[in-house]
Amino acid sequence: MSDRRKIDRSDVDLVAYIFGDGGSQRCRVFNISEDGAGIELPAKMHMRATFKMMLERDRIIRDCRLVWSSDTRIGVVFKAD
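Anchor point for the sequence shown: position 78 equals 78 in UniProt numbering, and the numbering is continuous, going up by one each time.
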């Protein structure tokens, strides 16, 4: 999958929160770049096509678009403002 990315992602282990529709879910970001991220969810769940994510360390809210999902992992691209 990395061959389709414009920018390589760095491996990380960061606490994040995804939210939308009035609820939030704690998750773990396992790789990230300025364009997107790989996210591990605590359990397999249905994800909306678009949602928001906030990294605990920087508290910046990013608009995300779901690109792929597999079991408890998803890949997102960050939407430009």
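Quick reminder that beta carbons are idealized off the backbone N, C-alpha and C, glycines included.
| Check | Outcome |
| --- | --- |
| Going by DSSP, name the residue or residues bridged to Thr50. | Arg65 |
| At what residues does the beta strand (DSSP E) containing Leu14 begin and finish? | 10 to 20 |
| Could you tell me if Val76 is buried or exposed, where buried requires 16 or more neighbouring beta carbons within 10 angstroms of its beta carbon? | buried |
| Quick one: Cα of Met11 to Cα of Met54, how far? | Here residue 11 is Asp; the residue named in the question, Met, does not match the sequence. Distance between the alpha carbons of Asp11 and Met54: 17 Å. |
| DSSP has Ile32 in a bridge; who is on the other side? | Ser10, Ala37 |
| Would a C-beta distance cut-off of 8 Å place Asp40 and Arg73 closer than the cut-off? | In the sequence under discussion, the amino acid at residue 40 is Glu, which differs from the Asp named in the question. Cβ atoms of Glu40 and Arg73: closer than 8 Å. |
| Go ahead and pull the three-state DSSP assignment for Ile74. | strand |
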